[in-house]
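All residue numbers for the sequence shown refer to our numbering, where the first residue is 4 and numbers rise by one. The beta carbon of each residue, even a glycine, is placed where N, CA and C say it ideally should be. Please read these numbers as outputs of a predicted model, since none were measured by experiment. The structure appears right after this line, and notes come after that.
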Amino acid sequence: GHGHGTHCAGTIGAIGGNTKGVTSLNPDPSKFSFFIGKGLKDSGSGTLSGVLTAVQACVEKGANIISMSLGGGGFSATANETFSRYYEEEGVLL
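Listed below in structure tokens is the structure:
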């Protein structure tokens, strides 16, 4: 679907200085690329497994920064350990 994640990606990836729509801090689209890893359903619900699979796919594609808008649920030691490992071993900011 075209929900919150699509909106966030569009805002982050907007090209500056082209007089079209919104802009971001990105004046040069050759300086980064997107890989969209969908971890939740269009309704916004999902599982920890789905989120972790999407994060893993992003890391495998070479992501340096992974932006997620997650809410609800409680603390997950599994997610915390996974995200910490990607940061410490791969230099990926989540």
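A contact between stretches requires three or more CB pairs, one per stretch, nearer than 8 angstroms, and the segment 85 to 95 fails this requirement with the segment 28 to 42.
Measuring C-alpha to C-alpha distances from Asn83 to each of Glu63, Asn67, Gly65, Val58 identifies Val58 as the nearest. In this structure, the alpha-carbon of Gly74 lies about 17 angstroms from that of Gly40. Counting only the Cα atoms, Phe78 lies some 15 angstroms from Gly49.
Shown here for Gly65: same chain residues with a beta carbon closer than 8 angstroms to its own, the five before and five after excluded, namely Phe38 in chain order. Judged by their CB atoms, Val62 and Glu93 are nearer to each other than the 7 angstroms cut-off.
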